[in-house]
Amino acid sequence: MTLPMGRPMREIFGETVAELATADPRIVMLDGDLGSSTKADIFEKAHPDKYLQMGIAEQNMLGVAAGLATMGLIPFISTFVSFAIVRPLDQVRVLIAQTGLNVKITAGYAGLFTGQTGMSHIIVDDLSITRTMPGMVVVAPADDTEAREVLRWAAAYEGPCYVRLVRDATQRLFGDDYRFEFGKAVVVRTGSEVTLFSTGSQTPRVADAADLLAAEGIDVHLVHVPTIKPLDVDAIVAGAGRTGRVITVEEHSILGGLGGTVAETLSEHRPTRVDRIGLRDVYPESGPNDALLDIYGLSAARVAEQVRAILRT
Amino acid sequence: MSALPVAGPDAPELARLGEFARRIRVEVIRAVNHARAGHIGGPLSAADILAVLYFHVLRVRPEEPTWPDRDRFILSKGHSSIALYAAMALRGYFPVEELLTFDAAHSRLQGHPDMTRLPGLDMSTGSLGMGLSAGMGIALGARLTGRDCRAYVMLGDGECQEGEVWEAAMAAERYGLDNLIAIVDHNRLQQYGWPGDGPDGRTPPQVPGELAAKWSAFGWRVLEVDGHDIAAVCRVLEEACRSDGRPVIVIAATVKGKGVSFMEGHYFWHTRAIKPEEFEAAMAELGEPPPEAGTEAAPPVAGAPR
Numbered sequence: 000m001t002l003p004m005g006r007p008m009r010e011i012f013g014e015t016v017a018e019l020a021t022a023d024p025r026i027v028m029l030d031g032d033l034g035s036s037t038k039a040d041i042f043e044k045a046h047p048d049k050y051l052q053m054g055i056a057e058q059n060m061l062g063v064a065a066g067l068a069t070m071g072l073i074p075f076i077s078t079f080v081s082f083a084i085v086r087p088l089d090q091v092r093v094l095i096a097q098t099g100l101n102v103k104i105t106a107g108y109a110g111l112f113t114g115q116t117g118m119s120h121i122i123v124d125d126l127s128i129t130r131t132m133p134g135m136v137v138v139a140p141a142d143d144t145e146a147r148e149v150l151r152w153a154a155a156y157e158g159p160c161y162v163r164l165v166r167d168a169t170q171r172l173f174g175d176d177y178r179f180e181f182g183k184a185v186v187v188r189t190g191s192e193v194t195l196f197s198t199g200s201q202t203p204r205v206a207d208a209a210d211l212l213a214a215e216g217i218d219v220h221l222v223h224v225p226t227i228k229p230l231d232v233d234a235i236v237a238g239a240g241r242t243g244r245v246i247t248v249e250e251h252s253i254l255g256g257l258g259g260t261v262a263e264t265l266s267e268h269r270p271t272r273v274d275r276i277g278l279r280d281v282y283p284e285s286g287p288n289d290a291l292l293d294i295y296g297l298s299a300a301r302v303a304e305q306v307r308a309i310l311r312t
Numbered sequence: 000m001s002a003l004p005v006a007g008p009d010a011p012e013l014a015r016l017g018e019f020a021r022r023i024r025v026e027v028i029r030a031v032n033h034a035r036a037g038h039i040g041g042p043l044s045a046a047d048i049l050a051v052l053y054f055h056v057l058r059v060r061p062e063e064p065t066w067p068d069r070d071r072f073i074l075s076k077g078h079s080s081i082a083l084y085a086a087m088a089l090r091g092y093f094p095v096e097e098l099l100t101f102d103a104a105h106s107r108l109q110g111h112p113d114m115t116r117l118p119g120l121d122m123s124t125g126s127l128g129m130g131l132s133a134g135m136g137i138a139l140g141a142r143l144t145g146r147d148c149r150a151y152v153m154l155g156d157g158e159c160q161e162g163e164v165w166e167a168a169m170a171a172e173r174y175g176l177d178n179l180i181a182i183v184d185h186n187r188l189q190q191y192g193w194p195g196d197g198p199d200g201r202t203p204p205q206v207p208g209e210l211a212a213k214w215s216a217f218g219w220r221v222l223e224v225d226g227h228d229i230a231a232v233c234r235v236l237e238e239a240c241r242s243d244g245r246p247v248i249v250i251a252a253t254v255k256g257k258g259v260s261f262m263e264g265h266y267f268w269h270t271r272a273i274k275p276e277e278f279e280a281a282m283a284e285l286g287e288p289p290p291e292a293g294t295e296a297a298p299p300v301a302g303a304p305r
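From first to last, the protein sequence lines stand for chains A and B.
Per numbering that gives the first Met the number 0, the very first residue in the first sequence carries number 0; after that it's consecutive.
Per numbering that gives the first Met the number 0, the very first residue in the second sequence carries number 0; after that it's consecutive.
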């Protein structure tokens, strides 16, 4: 069975931060002239006095966010991953991660779904970069439900955080009663033959892949890892222990992201073979979302196919 | 801009500020000599401005460094940190003796300012070009939270080659942040620079008039001053506080290495170890008695950092 579609995380972003700002006057939104794309425009309509247009000047925007945080405000960032993390990386490092200031790097257009922009805008090493940055915490929600929960958590969390948000509608994994717990992985499906770890909006597609595999008699144990850092080490070790065979799946490079952190963790705590599904050291091209998922092996069918192949080796 | 002239400091205040500027220079030379290496030229060119800021202009409480209504100061040219530390120690943030831990392991006085270690630092800096953005955030935050405080940011003239400075210049003007006061320590030298016919055979990072024209074009209120004329620095900063809806840039003409004759105007005093005879000569020029026997810095150690 295929999971239903949820709403685009960017709409959840604009709405949820607007709701949060109604309750907490310290919240402000800094926009790098992409509010109509990231849906920070929803926030702007609700709180015009708290919406701070920073122009096409992202290095400055991250620095302004640091200054605002020292004044007791809680800045949320509205731009794409490419301009929230990669372009102003030194500002994020020196002014936010090294200072521990309370800045919410809530970046949109994560992964492959960037509105057919091509490799200049598609960032697939953001998890690798941010998780190796001391002082930063990193969360990649699975769907609209979890994105809303994560944004609420981020507003309450004291310190810098990176939240990876997707542009378009993705499949809904969680029901309305789901509650995000920072630093905790979530068992989506119990199984005995192979353990799959997944993160972000890739997890619903892996859940569908698990259904396809179940129909063929392959019993998958699936664990969703929304918090990439700090990693839920106990859940990773327990998940690996359940089957003794681990595969990671991510809409991200296989270098340094979920696959990297799981492999590092298991090699220390429970040496286990880890196979990684994701982008294999390439700059992705532009194209419709479904085409990209197929090309890069991240659709449910393509994940199932790769899991099958790995289990044969 | 107000037509009324600002009052400026009286003679006793001028003498007091001059003495603090002298002591900042003495502590810079002493600490860098003790650390066996470090930036010298930039800290010395900034000393008079820092003395005026910390002893005449900034509304701060050293005993309560997190006082919410304090003025903020960001040393965007973070490599001149030892001059800032000297000003802060003399102002009472921490003991003057602690200056000799500068650049040492476990010190609160890191090579570049680390706000998580030293109370009283309003931002961590060191990677050039970032301080004005943070200062803009503080000025904007003060407005949003209704605090009557100002953000002062000191930039280097070489630092103004960083693109982020001009991003901040663009954005701060859009918000009309007249509680943001930037000061350029315009000492006309950077670490090495381009070959040319400027001071010591190098081309200045910004040619005369260029900085004023640039900031003016970005919509800032531009004030110019001799950065070593303490009375003039007092007056220009008082004038800078007369809000007119624009952020303010004070372009302070300074001399790299100011106060020690053989260090003045030479790019190679940007950062370097001081020889024992140079140390004694510098201290003598700054009016300090020679150090007592046994307190001189140990000779440089092979393999030591920098």
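Positions of the beta carbon are idealized from the N, C-alpha and C atoms, including for glycine.
Please read all numbers here as calculations on a predicted model, not as lab measurements.
Pull up the DSSP beta-bridge partners for L179/B, would you. A150/B
If you measure beta-carbon to beta-carbon, which residues of the segment 63 to 79 of chain A are closer than 9 Å to chain B? V63, A64, A65, G66, L67, A68, T69, M70, G71, L72, P74
Residue span of the beta strand (DSSP E) that contains G277/A, given as start and end: 273 to 278
List the residues of chain B that D89/A touches, going by C-beta distances under 7 Å, in chain order. S126
For F101/B, I'd like the list of residues in its chain whose CB is within less than 6 Å of its CB, leaving aside the five on either flank, ordered along the chain. A30, A34, I81, L108
Cβ-based burial, A103/B [other Cβ within 10 Å; buried from 16]: exposed
I need the DSSP call for T202/A, collapsed to helix, strand or coil. helix
Can you look up P271/B in the DSSP assignment and give me helix, strand or coil? In the sequence on display, residue 271/B carries Arg and not Pro. Coil at R271/B, not helix or strand.
With respect to the beta strand (DSSP E) encompassing C160/A, which residues constitute its N-terminal and C-terminal limits? 160 to 163
Please confirm if A167/B has its CB atom under 7 Å from at least one CB of chain A. yes
Using 8 Å as the Cβ pair cut-off and three pairs as the minimum, do the segment 194 to 203 of chain A and the segment 27 to 47 of chain A touch? no
Between the alpha carbons of T144/A and M4/A, how many angstroms are there, rounded? 11 Å
In the segment 182 to 251 of chain A, which residue ranges form an unbroken alpha helix (DSSP H) of at least 4 residues, counting only runs that do not cross its ends? 201 to 214, 232 to 242
Tell me, please, whether the CB atom of E63/B is closer than 7 Å to any CB atom in chain A? no
Closest by CA to K49/A, which one among N186/B, L143/B, A170/B, W66/B? L143/B
Over the uninterrupted alpha helix (DSSP H) stretch that includes Q58/A, give me the two end residues. 57 to 69
By the three-class DSSP mapping on this structure, what secondary structure does E18/B have? helix
Tell me the rounded alpha-carbon separation between L179/B and M282/B. 36 Å
Cβ pair A50/B, F19/B closer than 7 Å: yes
Are R9/A and G107/A close, meaning C-beta to C-beta below 7 Å? yes
If you draw a straight line from the alpha carbon of A146/A to that of A39/A, how long is it in whole angstroms? 15 Å
Alpha-carbon to alpha-carbon, A155/A and R116/B: 25 Å
Within 10 angstroms of the Cβ of F72/B, are there 16 or more other Cβ atoms? Answer buried if so, exposed if not. buried
Contact set for L236/B: own chain, Cβ-Cβ below 6 Å, skip 5 residues either direction: V56
Could you tell me how far apart the beta carbons of G258/B and I48/B are, in whole angstroms, since I believe they sit closer than 8 Å? Not a contact, Cβ separation roughly 13 Å.
Within chain A, partners of S123/B - CB distance below 8 Å: V93, L94, Q97, T98
Who are the near neighbours of E287/B in its chain, counting only those whose CB is closer than 6 Å to its CB and skipping five residues on each side? V25
If I measure Cβ to Cβ from T271/A and keep anything under 7 Å in the same chain, skipping five residues before and after, which residues do I get? A239, G243, V245, L265
Name, please, each residue of chain A whose Cβ falls closer than 7 Å to the Cβ of L13/B. Those within 7 Å of L13/B in chain A number zero; the least Cβ separation is about 33 Å.
Could you tell me the boundaries of the beta strand (DSSP E) in which S260/B lies? No beta strand (DSSP E) contains S260/B, which DSSP labels as neither H nor E.
Shorter than 7 Å from the beta carbon of E287/B to some beta carbon of chain A? no
S77/A, DSSP secondary structure in three states: strand
What does S106/B reach in chain A if we use C-beta pairs closer than 9 Å? Ordered by position in chain A, no residue passes the 9 Å Cβ test against S106/B, which lies about 16 Å from the chain.
According to the Cβ coordinates, are P118/B and S79/B closer than 7 Å? no
Span of the beta strand (DSSP E), counted from its first residue to its last, around F173/A: Run containing F173/A: none; DSSP gives neither H nor E here.
Counting only beta-carbon atoms, is N101/A nearer than 7 Å to chain B? no
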